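J.:
6 protein chains.
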Amino acid sequence: MEYDNRHNTRRKKRVVIKLSGSIFSQGASRDSIKKYAEMLFDISNSVQPIVITGGGEIARHYINLARNLGSDEANLDVMGIEVSRLNARLLIAALGDEAYSPVPKNLEEISIAVASSKIVIVGGLHPGQSTNATSALIAETSKASSFVNATDVDGIYDSDPNANSNARLFREITVNECIEILKVESTMAGRYDLMDIIALKVIERSKIPTRVVLSDIDNIRDAVEGKDIGTKIVTIKKQS
Amino acid sequence: MEYDNRHNTRRKKRVVIKLSGSIFSQGASRDSIKKYAEMLFDISNSVQPIVITGGGEIARHYINLARNLGSDEANLDVMGIEVSRLNARLLIAALGDEAYSPVPKNLEEISIAVASSKIVIVGGLHPGQSTNATSALIAETSKASSFVNATDVDGIYDSDPNANSNARLFREITVNECIEILKVESTMAGRYDLMDIIALKVIERSKIPTRVVLSDIDNIRDAVEGKDIGTKIVTIKKQS
Amino acid sequence: MEYDNRHNTRRKKRVVIKLSGSIFSQGASRDSIKKYAEMLFDISNSVQPIVITGGGEIARHYINLARNLGSDEANLDVMGIEVSRLNARLLIAALGDEAYSPVPKNLEEISIAVASSKIVIVGGLHPGQSTNATSALIAETSKASSFVNATDVDGIYDSDPNANSNARLFREITVNECIEILKVESTMAGRYDLMDIIALKVIERSKIPTRVVLSDIDNIRDAVEGKDIGTKIVTIKKQS
Amino acid sequence: MEYDNRHNTRRKKRVVIKLSGSIFSQGASRDSIKKYAEMLFDISNSVQPIVITGGGEIARHYINLARNLGSDEANLDVMGIEVSRLNARLLIAALGDEAYSPVPKNLEEISIAVASSKIVIVGGLHPGQSTNATSALIAETSKASSFVNATDVDGIYDSDPNANSNARLFREITVNECIEILKVESTMAGRYDLMDIIALKVIERSKIPTRVVLSDIDNIRDAVEGKDIGTKIVTIKKQS
Amino acid sequence: MEYDNRHNTRRKKRVVIKLSGSIFSQGASRDSIKKYAEMLFDISNSVQPIVITGGGEIARHYINLARNLGSDEANLDVMGIEVSRLNARLLIAALGDEAYSPVPKNLEEISIAVASSKIVIVGGLHPGQSTNATSALIAETSKASSFVNATDVDGIYDSDPNANSNARLFREITVNECIEILKVESTMAGRYDLMDIIALKVIERSKIPTRVVLSDIDNIRDAVEGKDIGTKIVTIKKQS
Amino acid sequence: MEYDNRHNTRRKKRVVIKLSGSIFSQGASRDSIKKYAEMLFDISNSVQPIVITGGGEIARHYINLARNLGSDEANLDVMGIEVSRLNARLLIAALGDEAYSPVPKNLEEISIAVASSKIVIVGGLHPGQSTNATSALIAETSKASSFVNATDVDGIYDSDPNANSNARLFREITVNECIEILKVESTMAGRYDLMDIIALKVIERSKIPTRVVLSDIDNIRDAVEGKDIGTKIVTIKKQS
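Taken in sequence, the protein lines are chains A, B, C, D, E and F. Residue 1 is where the first sequence starts when you use this note's numbering, and the numbers rise one by one after that. Residue 241 is where the second sequence starts when you use this note's numbering, and the numbers rise one by one after that. Residue 481 is where the third sequence starts when you use this note's numbering, and the numbers rise one by one after that. Residue 721 is where the fourth sequence starts when you use this note's numbering, and the numbers rise one by one after that. Residue 961 is where the fifth sequence starts when you use this note's numbering, and the numbers rise one by one after that. Residue 1201 is where the sixth sequence starts when you use this note's numbering, and the numbers rise one by one after that.
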């Protein structure tokens, strides 16, 4: 259909960025959050950023307390999601009219938000789904050109870099290689390890160009611009 | 109409209890929250408790950050409400099936929740309304027999007890006397000082028996049972 | 952040206008409402109007009946809000595509409506909150440049102008002076007197330029254009 | 399936009653509404009443004004629905805890409300649907045993009783005979004449025992008890 | 009011198109749906299409099963509506960013969707209302310039063209003539025959130019362009 | 807290049952669905069933068409969920007043539905989540005593029973063993293979007794009664 091409020229490309909840923790300063907002504003000149914020330390406070009080696990997920949305509100406050307000709460609201052409800031969506998996789904449904996952490490290693000084950073890796590593390294994984397999499966089924980088303003800007930083996840077998 | 009297015998009396957000702060322990849950369970044998939780320290964390990032004040209120609802979820987790789940978000949902006969736990409702005022409105709309406001002081004084060692605690006070004190003491008031006048106006227009007590499990239980503790707010001129 | 300034040039200024419910009473004619719509359309060439409609006579009809039937007061507030929204629908009908449709029901929906750049018409929002207080909150959350309160008197007097022929109209008054007057004149106040203190507190905390004028098309247009009409409420001590 | 029969013994029969909006008009008194509430309370000892309130005079005020202001017809329907819901709130206020609160707004909410075993009070539901048709749909979906339509005339006549002194009241009539009369008498019909054909079609497809009576407390009580009053609408050809 | 004319020049005309559910049946191919999408995209250069999709064969599968299982008729309507919305999703998928997403579910959501200037795709809205009647209501509320009803016959005949080889196709017919035919031909009508009288009444009250054509891409395009095809329904007595 | 034990005696145990969508396919008969309803009614004498229905053949029809039309995968998930909810409506129709109506759409609505003590029928909940994973989450959040997964095979084998005549059925298996098998057998897996790892992870974190059985009325009844049928999934290492 002819209009397919016109789409690409008519609207900005979209980039999905997953931000770690650690940015918004109890010790977070106004200045550090403002810098993230400025970076998002800068890149919004060339692409439309869709940002998913994590829950971080305050989410863990509520989750730990509620688990000890006898909450079921699904309810804990909801509490983590609510905190991630509070974090999203902080970024929206910093971006003012540049950001879509309010925080979208499901894929339908996200598609309305994305249509506004504003910067879209989202927290988690559903219990039982990691923010990684949620981010990949949002990249899929908004037809994003790329997915930048800003984490606490500078990419994907073949073994735990903290435990193994010889651990090697991948510059490029396939989805299947990622899954293999997750299987072996499962013991060191966080709560949502396997959910990340969901994220990988979504990346694969929709062939979303993905990059894992250390959470840092310059890194994210570089990754959005396609620079070779962190680890690139590819869905087709890379050339060795 | 005849059924008016039958109501009173058919269902338990309802008591609205406002709990300070300080119970749920970063330092909160599982045990302290569990004790509040046990107290609520105990009194639910004779009355139906409807509890409004405050936001506390974590609310202040988000509000301060967002204000510094340029958020409008109404949005700050929303953030405080979201945190108070997370606190409500902690109590619901501790109460299990005894509590109504999920957290009601407006007066309509509260009236559905109250009809379930379970213990109802609510956070804040609307921006621009203190949890005190919200609690009084909920007492009004649920036709509660009494409203217990558990705060950080042990009642209402004629002047600031921290600044004035001669400050006198009222055992009983009229709504109008409260308003007079609020006018004089306005300089020392917190953020929502005048919102508390709303609470007082609601108490007056619906003649809700109200008691202000120091937040403590025994005090709340005593106040629910009608014991003479803290400060009683009356709507008709007391006998001197 | 650089984008702050660009906002101001990129979008029209916003003006919040509170309209008395008396405009929409049983005796209201099509022509009188149409004139208000035309005025709003005119000023929408230079600013984005956000209008809050009151409930008026029909609201009082329902409130009186329901109170006599035993309704709680919070429910009465809801009924007043529903009537104010019917009034909002009348203005929306008169404005056609110039107005945002449907009537927004909370601050989140208002922020979506305001982003449409259309004329936004809202009724009341929450029980326990006067339309004055609601209007001030909306001015705050939409970052309006000014708030025009169109009432049944031509401004704020130092005493009741109906009772006292020497009553003096303020051309300018501070928030604190307003509060002092409200205290003294409280006996003559309507149902929501103290709620108006909430409005004043919101005006103060967000420093919203506010003007109280007699409800009349020319007056409102003049006030929107910043002409010296009615009473101006200032948040900084005026120069005497 | 065996449980089908047990249903009928386990729960009260349900009766759908359509009340004319004229009961709630500007001239309505507290006492007249209270009497309807008392009647509903009385019959709730033996059946579960589900009541649909009309809009009446105030609905017409808004509809006329909005139509003159250029509103589309569907929006006029919405305004009529909103007024009918305000009328529903008056009855709910008069019934207190006997009534389900809040007013259900669609068939899903009605089915939750009906499950509460309380008296359910509903206004209109959808634009483009008369309250008669809505009432028939609600009777259908709630599996009501009968539908009592309390109107401004004492039953169905073979011609206009105001114009024709020989007009004959039917004691019993089939759905098809009703449709024939509606065709001939269409010139004198109100706004929703043909929507009443929808009501008739629903009555027919679900074989709902229906009676049209003059709106009066005794008449409604009699009709609910199955007494021979007003006009009975039957779906099978009556014996002549 | 002056802005009325400016509206007409400022925005595209809107055309409401009712599509038969048969397009989306079990045997439907990707290619046939894609052609409808391409046609909608083409005409969206000159008008804004608002499309209502029917339920078709899969709706009938669910309705028949549920009726046999004892479902009430109103619930069957809801199931038909849900299937029609699935069909709407197929068209939205085929149109990509050209279509408003998600599927609007009531008149309020439709008015938000229409304001986006995108192609709007809707299924059914309310139980008890045919998609024909719903389409007419949407044409009314969106102030559409015309309503094209794409059906399984090539227009309106004076008798059943399948049974009567002399059946004559109307090129133009009045609403009242349609109603007369529906009365006579009622025995052959489908489930919603009388609902179509609702559609006709809405067409009449809002004088919506309407055309009934055989469902086919060229026919629809011709009808949108105002070519003389199928049967034109007029609200004023045609000249004979 | 003392009330923990009282819960267990006060309310029926809850059992979560996942039903394959194949039960509701195009060829489904009224009788086969009615038998499932009767079985659910029977077991509801001793436990509260919470049933999750799959999408089946009609879901695949829509998903295949939409994928070919260019839909993103997340939207395909939504279409599958909508079909699974239509299937849920069929069971609700067959169960009449024994079932909770309407179909709950998220965990909050499920917790309200479960509190009604009725049989609860749910379809899918969220895109990106298999109905298996959703079922496990619902078992977790409703504190179900067991989870019966009725599938198209009679349990879990050590290899594909269709391809390998020596394939061995496990009578009991640990979660970790399941995961190992899923890894090896991944090539033959359906669309949601890895999502089932989510289901397994949820089963493990909340120690939900789970049984996989061939979808058949007697098998499900047996599994609910704890009989040794199909494959039992255990979270603690079984004794060999």
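From the three backbone atoms N, C-alpha and C, an ideal C-beta is built for every residue, glycine too. Only a predicted model underlies this, so the values are computations on that prediction, with no experimental measurement involved.
Is the CB-CB distance between B:V453 and B:A390 below 7 Å?
T.: The sequence position of residue 453 of chain B within the second sequence is 213, counting from 1. The sequence position of residue 390 of chain B within the second sequence is 150, counting from 1. Cβ atoms of B:V453 and B:A390: closer than 7 Å.
J.: Count the other C-beta atoms from every protein chain shown that fall within 10 angstroms of the C-beta of C:K712, then say buried if there are 16 or more, exposed otherwise.
T.: Position 232 of the third sequence, counted from the first residue, corresponds to residue 712 of chain C. With 16 or more other Cβ atoms within 10 Å, it is buried.
J.: Could you pull out every residue in the same chain whose Cβ sits closer than 6 Å to the Cβ of D:G776, ignoring the five residues on either side in sequence?
T.: Numbered from its first residue, the fourth sequence carries residue 776 of chain D at position 56. Cβ neighbours of D:G776 beyond the five flanking positions: G741, S742, F744 and S745.
J.: Is the Cβ of B:E348 closer than 7 Å to any Cβ of chain D?
T.: For this step, residue 348 of chain B is matched to residue 108 along the second sequence. Closer than 7 Å: yes.
J.: Contact criterion: CB-CB distance below 7 Å. Does A:S146 meet it with respect to chain E?
T.: Within the first sequence, the letter at position 146 stands for residue 146 of chain A. No, A:S146 lies away from the interface with chain E (no Cβ there is under 7 Å from its Cβ).
J.: Starting from E:S1077, find everything on chain A with Cβ-Cβ shorter than 9 Å and list it in chain order.
T.: Translated into positions along the fifth sequence, residue 1077 of chain E becomes position 117. Going along chain A, no residue has its Cβ under 9 Å from E:S1077, so there is no contact; the nearest lies around 11 Å.
J.: Name the chain F residues whose beta carbon is nearer than 8 Å to that of E:E998?
T.: Here residue 998 of chain E refers to the residue found at position 38 when the fifth sequence is read from its first residue. Simply none; closest approach about 11 Å.
J.: Of the choices B:P449, B:E313, B:S284 and B:E380, whose alpha-carbon is the least far from that of A:N93?
T.: What you label residue 93 of chain A is simply residue 93 of the first sequence in a count that begins at 1. According to the sequence shown, residue 93 of chain A is Ala rather than Asn. The shortest C-alpha separation from A:A93 is found at B:E313.
J.: Can you pull the chain F neighbours of D:S831, defined as C-beta to C-beta under 7 Å?
T.: Position 111 of the fourth sequence, counting from 1, holds the residue named residue 831 of chain D. Within 7 Å Cβ-Cβ: S1301 and P1302.
J.: Can you grab the Cα-Cα spacing for the pair D:G910 / D:Y877, in whole Å?
T.: For the purposes of this step, residue 910 of chain D is identified with residue 190 of the fourth sequence, where counting begins at 1. For the purposes of this step, residue 877 of chain D is identified with residue 157 of the fourth sequence, where counting begins at 1. In this predicted model, D:G910 has a pLDDT of only 36, less than 50, meaning its place in the structure is not dependable enough to derive any value.
J.: Assuming E:G1088 and E:N1047 form a contact by the criterion Cβ under 8 Å, report the distance between their Cβ atoms to the nearest whole angstrom.
T.: In the fifth sequence, counting from the first residue as 1, residue 1088 of chain E sits at position 128. In the fifth sequence, counting from the first residue as 1, residue 1047 of chain E sits at position 87. Not confirmed; about 20 Å, so no contact.
J.: Using a threshold of 7 Å, state whether the C-beta atoms of C:V495 and C:V531 are closer than that.
T.: Sequence index remark: in the third sequence, residue 495 of chain C carries index 15 (1-based). Sequence index remark: in the third sequence, residue 531 of chain C carries index 51 (1-based). Result no, Cβ atoms of C:V495 and C:V531 do not sit closer than 7 Å.
J.: Just to confirm, is the Cβ distance from A:K35 to A:I229 under 7 Å?
T.: On the first sequence, position 35 is the one that residue 35 of chain A refers to. On the first sequence, position 229 is the one that residue 229 of chain A refers to. Not in contact: A:K35 and A:I229 (Cβ atoms no closer than 7 Å).
J.: Confirm, please, whether the CB-CB distance from A:L107 to B:L330 is below 7 Å.
T.: Position 90 of the second sequence, counting from 1, holds the residue named residue 330 of chain B. Position 107 of the first sequence, counting from 1, holds the residue named residue 107 of chain A. Cβ distance not < 7 Å, so B:L330 and A:L107 don't count as in contact.
J.: Please classify C:T667 as buried or exposed, where buried requires at least 16 neighbouring CB atoms within 10 angstroms.
T.: Locating residue 667 of chain C in the third sequence gives position 187, where the first residue counts as 1. Per-residue confidence for C:T667 stands at a pLDDT of 35, beneath the threshold of 50, marking its modelled position as unreliable; no derived number is given.
J.: Taking 8 Å as the cut-off, does the region 438 to 449 of chain B touch the region 374 to 388 of chain B (at least 3 CB pairs, one atom from each stretch)?
T.: As far as the Cβ criterion goes, the region 374 to 388 of chain B touches the region 438 to 449 of chain B, which means the pair count is three or higher.
J.: I want to see whether chain E comes within less than 7 Å of D:A794, judged by CB atoms only; does it?
T.: Against the fourth sequence, residue 794 of chain D aligns to sequence position 74. With 7 Å as the cut-off, D:A794 counts as an interface residue toward chain E.
J.: Can you find the residues in the same chain that come closer than 7 Å, C-beta to C-beta, to D:I940, ignoring five residues on each side of it along the sequence?
T.: The sequence position of residue 940 of chain D within the fourth sequence is 220, counting from 1. If we look at D:I940 and ignore the five residues flanking it on each side, its Cβ neighbours are I737, M759, V868, A870 and V933.
J.: Per DSSP, what kind of secondary structure is B:L440 in: helix, strand or coil?
T.: For the purposes of this step, residue 440 of chain B is taken as residue 200 along the second sequence, with counting starting at 1. Helix, per DSSP.
J.: If I measure Cβ to Cβ from A:I43 and keep anything under 7 Å in the same chain, skipping five residues before and after, which residues do I get?
T.: Residue 43 of chain A sits at position 43 when you count from the first residue of the first sequence. Contacts found: P49, R221 and V224.
J.: Quick check on this structure: which residue in E:A1019, E:D1057 and E:I1072 has the alpha carbon closest to the alpha carbon of E:R1045?
T.: Taking the fifth sequence and counting its residues from 1, the one referred to as residue 1045 of chain E is at position 85. Per the Cα distances, E:A1019.
J.: If I measure Cβ to Cβ from C:G560 and keep anything under 7 Å in the same chain, skipping five residues before and after, which residues do I get?
T.: In the third sequence, counting from the first residue as 1, residue 560 of chain C sits at position 80. So the list reads G535, A539, I543 and G604, once near-sequence residues are dropped.
J.: According to DSSP, is A:S206 helix, strand or coil?
T.: Position 206 of the first sequence, counted from the start, is the residue given in the question as residue 206 of chain A. It is helical.
J.: Would you kindly report the start and end of the unbroken beta strand (DSSP E) that includes F:R1214?
T.: In the sixth sequence, residue 1214 of chain F corresponds to position 14, counting from 1. Segment K1213 to L1219, the beta strand (DSSP E) holding F:R1214.
J.: Against D:Q849, what residues of chain E qualify as contacts under a CB-to-CB distance less than 8 Å, listed in chain order?
T.: Start at 1 with the first residue of the fourth sequence, and residue 849 of chain D comes out as number 129. By Cβ distance, chain E contributes H1086, G1088 and Q1089.
J.: In the structure shown, what three-state DSSP assignment does A:R221 receive?
T.: Residue 221 of chain A sits at position 221 when you count from the first residue of the first sequence. Correct three-state label for A:R221: helix.
J.: Please classify B:I473: does DSSP put it in a helix, a strand, or coil?
T.: Here residue 473 of chain B refers to the residue found at position 233 of the second sequence. In the structure shown, B:I473 sits in a strand (DSSP, three-state: E or B).
J.: Which same chain residues end up closer than 6 Å to B:K252 when comparing Cβ atoms and leaving out the 5 residues on each side of it in sequence?
T.: For the purposes of this step, residue 252 of chain B is taken as the residue at position 12 of the second sequence. For B:K252, where only same-chain residues beyond five positions count, the Cβ hits under 6 Å are V287 and Q288.
J.: Can you list, in chain order, the residues of its chain whose CB lies under 7 Å from that of B:R408, leaving out five sequence neighbours each side?
T.: For this step, residue 408 of chain B is matched to residue 168 along the second sequence. Y397 and D398, listed in sequence order.
J.: By a C-beta neighbour count over all protein chains shown, 10 Å radius and 16 as the cutoff for buried, is F:D1396 buried or exposed?
T.: Taking the first residue of the sixth sequence as position 1, residue 1396 of chain F is located at position 196. When all chains shown are included, F:D1396 counts as buried.
J.: Under 8 Å Cβ-Cβ, which residues of chain D neighbour C:I513?
T.: By one-based count along the third sequence, residue 513 of chain C stands at place 33. Going along chain D in sequence order, the residues near C:I513 (Cβ under 8 Å) are L785 and L789.
J.: For B:L335, which of A:N75, A:K118, A:V83 and A:G70 has the nearest alpha-carbon?
T.: Here residue 335 of chain B is taken as the residue at index 95 of the second sequence, counted from 1. Out of A:N75, A:K118, A:V83 and A:G70, A:G70 has the C-alpha closest to the C-alpha of B:L335.
J.: In chain E, what lies closer than 9 Å to D:S926 by C-beta?
T.: Residue 926 of chain D sits at position 206 when you count from the first residue of the fourth sequence. What D:S926 touches in chain E: D1032, E1033 and A1034.
J.: Any beta carbon of chain F sitting closer than 7 Å to that of E:R1151?
T.: Indexing the fifth sequence from 1 puts residue 1151 of chain E at position 191. At E:R1151 the pLDDT is 36, less than 50, meaning the model places this residue with poor confidence and gives no usable figure here.
J.: Residues of chain F with CB under 9 Å from E:R1049, in chain order?
T.: Translated into positions along the fifth sequence, residue 1049 of chain E becomes position 89. Y1262, A1266, S1271, N1275, V1278, M1279 and E1282, listed in chain order.
J.: Taking Cβ positions only, does D:A814 come closer than 7 Å to chain C?
T.: Residue numbering aside, residue 814 of chain D sits at position 94 when the fourth sequence is read from its first letter. D:A814 counts as touching chain C.
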